[in-house]
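Chains as they are written, first to last, in our numbering: chain W, 1 to 154; chain G, 1001 to 1222. Step one of this worksheet: look at the structure below.
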Amino acid sequence: MNFAKLAPWLTLAGRLVLGGVLVVAGYLKVGNTAKSQMAVRAYEVLPISIANLLGEILPWLEIGAGLLLILGVAVKWSSIFAAALMFIFIAAIVQAWARGLSIDCGCFGGGGQVAAGKTRYLEEILRDLGLAITALYLIRYPLGRFSIERSSAK
Amino acid sequence: MAKQGGDKITRYIVIGMVALVVIVGVFFSMNSGSKKSALPVAGESANGYAISFNSDLKGAPVVDIWEDFQCPVCQRFEGTNGAWLQQQIAAKKIKVSFHLLSFLGPESILMANAAACAADENKFLELHNLMYANQSAKENSGFWTPDILTKAGTAAGITSPAFAACVKEGKYLGWVQKVADDGAKKNVNSTPTLFVNGKELNRQTQYYDPKAFEAVVLANGK
């Protein structure tokens, strides 16, 4: 397999997956800000007022970065943002797990405290790790098929 | 590198549009709760917009309940301690404030609004009990509509046409948002959440054991 030929298609696939996940994750949260604020608070890391602010802003940032990735504009910077986001999410989930909190990650809406046996930390971490790796690939190879950024370059 | 040129303008237009979506979205999220809203009779702002009973009692234990009418665990709490709490309210032994959260979705919001409308008619507890007794197995199943809530009100003994109008027009939707904002400020991350004299109870030992619950409530009187 010729990697040079494959790379742009992998980039396209990565953009659609990462961008799609971000847009969906953001979209599911914006309709219920009270819940997304609760999700951030439940990690018990940030002061309450900042957690509440983040619960309002973060879903829209996810949508913004996701749109840019899907459209293929500022792919590198969007990917850097997405990678940073995923590593922060992973760190947040790991600390919740380590401290014995019982919360839902609130990744796709939902969130807050759950019953002690109902946590799914490992699954959540692995998913975010997969997305982080996708983002890292896009940082390295941001120019792929069907992106606005590349439309004039042949 | 991609060649720059006309392509660059498209790029900036797209970035600008996406940035606009983000900024407008954040703006509306942050301002959704700031609208002026009517307050139900019992839902005074002094007590975090809660529907309160026996506020005027002196030295009685103060119970704060944060609940969502669609939450199955709240129904369980209600089944465990609800009847006792309401006896204590009727006997003027304790103060109880109901904080109606609505993060489980649109039907929670409708139900919280209807409960506030019922509070104006002095039938809050009646409708409260009726809604728990008829909780849907699945959240937001489409069962709780303004129409059904109006009928539930009638079943709870409300006859005034003002109630039907209040439910239909969503008179207290702004208030429902204010309660949610208040819960966010007070770091309430789950329903039900119980406070007695301002201290959060232990979810593992004090919520679903009626003896333990009654003991901790009564121990907090003066």
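Yeah, the Cβ is synthetic: ideal placement off N, Cα and C, and Gly gets one too.
Residue i and residue j: beta carbons closer than 7 Å?
i         : j         : result
Tyr141/W  : Ala7/W    : yes
Gly66/W   : Leu22/W   : yes
Asn1187/G : Ile48/W   : yes
Tyr1172/G : Pro1040/G : yes
Ile1015/G : Ala74/W   : yes
Val1176/G : Ile1109/G : yes
Val40/W   : Gly20/W   : no
Leu12/W   : Arg120/W  : no
Val1026/G : Ile57/W   : yes
Leu1130/G : Ala1114/G : no
Leu82/W   : Ala135/W  : In the sequence on display, residue 82/W carries Ala and not Leu. Yes, they are a contact pair.
Leu1127/G : Ala1156/G : yes
Gly14/W   : Leu138/W  : yes
Ala42/W   : Gly100/W  : no
Met1111/G : Phe1069/G : yes
Lys1092/G : Asn1122/G : no
Leu1125/G : Gly1183/G : no
Could you confirm whether any beta carbon from chain G is found closer than 7 Å to the beta carbon of residue i?
i        : result
Leu18/W  : no
Ser152/W : Because Ser152/W sits at a pLDDT of 39, beneath the cut-off of 50, its placement in the model cannot be relied upon, and the following sentence gives the value as read from the coordinates. It does: the Cβ of Ser152/W has a partner Cβ on chain G nearer than 7 Å.
Glu149/W : yes
Ile57/W  : yes
Leu85/W  : no
Lys29/W  : no
Ala42/W  : yes
Ala34/W  : yes
Gln95/W  : no
Ala74/W  : yes
Leu101/W : no
Three-state secondary structure (DSSP) at residue i?
i         : result
Trp1066/G : strand
Phe1028/G : helix
Thr1150/G : helix
Ala123/W  : Going by the sequence as given, residue 123/W is Glu instead of Ala. Glu123/W: helix per DSSP, three-state reduction.
Met1001/G : Because Met1001/G sits at a pLDDT of 45, beneath the cut-off of 50, its placement in the model cannot be relied upon, and the following sentence gives the value as read from the coordinates. Coil at Met1001/G, not helix or strand.
Cys107/W  : strand
Ile148/W  : helix
Phe1143/G : coil
Glu1107/G : helix
Val1018/G : helix
Glu1200/G : strand
Lys1095/G : strand
Gln1135/G : coil
Gln1228/G : In the structure displayed, chain G extends from 1001 to 1222; residue 1228/G sits before or after that span and is not available.
Leu1101/G : coil
Gly130/W  : helix
Gly117/W  : helix
Gly1174/G : helix
Between the options, which has its C-alpha nearest residue i's C-alpha?
i         : options                                       : result
Pro1072/G : Glu1139/G, Ala1164/G and Ala1019/G            : Glu1139/G
Phe1077/G : Ala1152/G, Asn1197/G and Ser1190/G            : Ser1190/G
Val24/W   : Tyr43/W, Ile50/W and Ile70/W                  : Ile70/W
Met1030/G : Phe1124/G, Lys1151/G, Val1063/G and Lys1178/G : Lys1178/G
Phe1143/G : Pro1106/G, Ala1164/G and Ile1158/G            : Pro1106/G
Ile1065/G : Phe1098/G, Ala1090/G and Asn1129/G            : Phe1098/G
Met86/W   : Cys105/W, Leu101/W and Gly100/W               : Cys105/W
Asp128/W  : Ile88/W, Asn52/W and Leu61/W                  : Ile88/W
Val17/W   : Ala98/W, Leu68/W and Asn2/W                   : Leu68/W
Tyr1207/G : Leu1218/G, Pro1192/G, Lys1199/G and Ala1219/G : Pro1192/G
Ile1089/G : Cys1074/G, Val1063/G, Ser1102/G and Asp1181/G : Val1063/G
Hey, could you find the ends of the beta strand (DSSP E) residue i is sitting in?
i         : result
Thr1193/G : Thr1193 to Val1196
Phe1053/G : Ile1051 to Phe1053
Leu12/W   : Per DSSP, Leu12/W belongs to no beta strand (DSSP E); it is in the alpha helix (DSSP H), Phe3 to Val30.
Taking 7 Å as the CB-CB limit, is residue i close to chain W?
i         : result
Asn1140/G : no
Ser1029/G : yes
Asn1054/G : no
Ser1190/G : yes
Ala1219/G : no
Ala1002/G : Bear in mind that the predicted position of Ala1002/G carries a pLDDT of just 47, short of 50, making it unreliable; the figure below should be weighed with that in mind. With 7 Å as the cut-off, Ala1002/G counts as an interface residue toward chain W.
Ala1184/G : yes
Val1026/G : yes
Ile1015/G : yes
Thr1154/G : no
Arg1011/G : yes
Phe1103/G : yes
Asn1187/G : yes
The alpha helix (DSSP H) spanning residue i covers which residue range?
i         : result
Val80/W   : Residue 80/W is actually Ile in this sequence, not Val. Start and end: Val75 to Ala98.
Val1217/G : Pro1210 to Ala1219
Ser49/W   : Ile48 to Leu71
Cys1074/G : Pro1072 to Phe1077
Ala1164/G : Pro1161 to Glu1169
Val1188/G : Counting along the chain, Val1188/G falls outside any alpha helix (DSSP H), and DSSP gives it neither H nor E.
Ala1083/G : Ala1083 to Ala1090
Ala39/W   : Thr33 to Ala42
Taking 6 Å as the cut-off, is the C-beta of residue i nearer than that to any heavy atom in the ligand ATP?
i       : result
Ala83/W : The ligand ATP is not among the ligands present in this structure, which contains no ligands whatsoever.
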